[in-house]
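S.K.:
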Amino acid sequence: MDITGKRIAICTAIVAMAYYWQMYIKRGPMCNCAKDMTGKTVLITGGSRGVGKVTAMDFAKMGATVVIASRNDKKLKETVAEIIEKTGNQNVRSMSLDLADFESVRSFAKKFNEEEKYLDILVNNAGVLGVQGVSAVGFSSVFTINHFGHFLLTNLLLDKMRGQSAQRPVRVINLTSEMYKAISAIDYDFIKQGTTGIIDAYQMYATSKLANILFTAEFNRRCQGDNIRTYAVNPGVLETEIEGNMPYNFDKINWYFLKLIRRPVEFGSQTILHCALTDIEDQSGNFFQDCHKENVWENAKNITEAKKLWDMSVEITGLK
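To convert, take the position in the sequence shown, counting from 1, and add 87; that gives the numbering used here.
#1: Considering only residues of the stretch 109-194, which uninterrupted beta strand (DSSP E) runs meet the minimum length of 3 residues and lie entirely inside it, listed in chain order?
#2: Using only CA atoms, which one of Asn159, Val320, Lys127, Leu364 lies nearest to Met266?
#3: What residue from Val352, Asn178, His379, Glu353 has the CA that sits closest to His361's CA?
#4: Mapping DSSP to helix, strand and coil, what is Lys204?
#5: What does the Cβ neighbour count give for Tyr292, buried or exposed, with the cut at 16 atoms within 10 Å?
#6: Are Ala147 and Leu130 closer than 8 Å when you measure CB to CB?
#7: Any idea what DSSP makes of Thr263, helix, strand or coil?
#8: Check whether the Cβ atoms of Asn233 and Ser135 lie closer than 8 Å to each other.
#9: May I have the straight-line CA-CA distance separating Phe238 from Phe302, to the nearest angstrom?
#10: Can you name, in chain order, every residue of its own chain whose Cβ lies under 8 Å from the Cβ of Gly403, other than the five neighbours on each side?
#11: Would you give the residue range spanned by the beta strand (DSSP E) that Ile320 belongs to?
#12: Which residue's Cα is closest to the Cα of Thr241: Tyr275, Phe230, Ile208, Gly220?
#13: Taking Pro256 and Val138 to be in contact with their CB atoms under 8 Å, please state how far apart those CB atoms are, rounded to whole angstroms.
#14: Tell me whether the stretch 377-396 and the stretch 210-225 touch, counting them as touching only if at least three CB pairs, one residue from each stretch, are closer than 8 Å.
#15: Taking only three categories from DSSP, how would you classify Asn373?
#16: With distances taken from CA atoms, which of Tyr205, Thr282, Gly214, Ile278 is nearest Asp246?
#17: With 16 other CB atoms within 10 Å as the buried threshold, where does Asn119 fall?
#18: Please list the terminal residues of the continuous alpha helix (DSSP H) segment that includes Lys395.
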């Protein structure tokens with residue numbers, strides 16, 4: 088092969104690799120599982136932006152009644168108006184919810200239980216990274232929002248889910264991350280601290296993501312006999328604003344690297360939709376990414392740890 092031929096071959100290989108990266112690695116698989124969701128109710132936490140907003144848009148396009156919960160009322164109203172305009176679905180509404188404030192969670196659950204007849208799909212999507220300080224209950228704000236708040240909310244909605252599950256199956260989806268692999272176990276002293284630097288911030292986030300997986304497994308165990316299925320979902324590394332609270336100008340330091348590996352947020356809902364809509368009832372309690380089940384590491388398989396986390400969460404949230 089002459090020099091020109093080699094150059095053509097190299098250029099062709101580069102183009103092929105770039106195409107493969109964009110289509111199959113960076114974008115990820117597509118669910119292709121859209122169905123008519125008219126009459127179904129979907130609740131999404133943190134749905135005013137990012138993957139939550141994309142997921143809300145997807146369900147609205149299918150005709151579902153979509154309730155978006157977040158603490159930013161102004162952003163919520165803007166998001167709801169945008170989704171209604173783009174989908175034509177008038178059954179999209181917002182409700183105020185602050186997952187760091189357990190009274191807000193209780194008030195939200197009470198109102199939702201009174202106003203909504205059914206809850207068919209619960210997407211525990213809201214999450215933060217790098218938020219410093221501790222919450223009112225004396226635990227890291229990150230861990231409080233990412234785990235305790237969703238734990239309390241899910242359990243306060245459980246009677247409604249159980250009451251309908253014989254006639255209307257329920258799916259509960261907890262968003263997590265592969266960051267759970269960064270730690271060996273939950274450090275119960277560490278989660279009482281506020282994060283102060285990049286390393287602490289990532290360790291706290293990883294701890295909360297491990298908690299999401301353990302919660303999913305234990306919730307599934309406790310719902311045996313009910314027609315309630317639950318899944319831990321990693322949506323992938325997405326182009327969202329989650330690093331906005333990181334210290335030391337983290338975004339500028341890591342912008343170029345993250346730009347290479349992040350998927351457009353529009354593709355972040357695919358595994359959520361897969362777990363919400365496809366026939367995977369027999370895989371409840373498992374971890375999913377890229378629209379398929381994956382085995383978790385040993386730190387996320389510890390049944391004793393899952394029960395310990397559950398019992399502590401009951402105590403901290405005051406769940407009766």
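Positions of the beta carbon are idealized from the N, C-alpha and C atoms, including for glycine.
M.R.: The answer reads as follows:
#1: 128-132, 152-157, 179-183
#2: As a first step, residue 266 is located in the sequence shown; it is residue number 179 there, counting from the start. Measuring from the Cα of Met266, the nearest candidate turns out to be Val320.
#3: Here residue 361 refers to the residue found at position 274 when the sequence shown is read from its first residue. His361 has its Cα closest to that of His379, out of Val352, Asn178, His379, Glu353.
#4: Along the sequence shown, one-based indexing puts residue 204 at 117. Coil at Lys204, not helix or strand.
#5: If you number the sequence shown from 1, residue 292 lands on position 205. Classification of Tyr292: buried, given that the 10 Å Cβ count is 16 or more.
#6: Residue numbering aside, residue 147 sits at position 60 when the sequence shown is read from its first letter. Residue numbering aside, residue 130 sits at position 43 when the sequence shown is read from its first letter. No, the Cβ-Cβ distance between Ala147 and Leu130 is not below 8 Å.
#7: Against the sequence shown, residue 263 aligns to sequence position 176. Coil at Thr263, not helix or strand.
#8: Taking the sequence shown and counting its residues from 1, the one referred to as residue 233 is at position 146. Taking the sequence shown and counting its residues from 1, the one referred to as residue 135 is at position 48. Going by C-beta atoms, Asn233 is not nearer than 8 Å to Ser135.
#9: Here residue 238 refers to the residue found at position 151 of the sequence shown. Here residue 302 refers to the residue found at position 215 of the sequence shown. C-alpha separation (whole angstroms): 8 Å.
#10: Taking the first residue of the sequence shown as position 1, residue 403 is located at position 316. The question names Gly, but residue 403 is Ile in the sequence shown. Result list for Ile403: Val224, Phe226, Phe235, in chain order.
#11: Position 233 of the sequence shown holds residue 320. Looking at the sequence itself, residue 320 is Val, so the reference to Ile does not match. 315-321 is the span of the beta strand (DSSP E), which, as asked, contains Val320.
#12: For the purposes of this step, residue 241 is taken as the residue at position 154 of the sequence shown. Residue Ile208 is the option with its Cα nearest to Thr241.
#13: Locating residue 256 in the sequence shown gives position 169, where the first residue counts as 1. Locating residue 138 in the sequence shown gives position 51, where the first residue counts as 1. Their Cβ separation, rounded to whole angstroms, is 24 Å, which puts Pro256 and Val138 out of contact at 8 Å.
#14: no
#15: Position 286 of the sequence shown, counted from the first residue, corresponds to residue 373. Coil.
#16: Taking the first residue of the sequence shown as position 1, residue 246 is located at position 159. Nearest C-alpha to Asp246: Tyr205.
#17: Counting from one through the sequence shown, the residue named residue 119 turns up at place 32. It counts as exposed.
#18: Position 308 of the sequence shown holds residue 395. Unbroken alpha helix (DSSP H) run through Lys395: 390-404.
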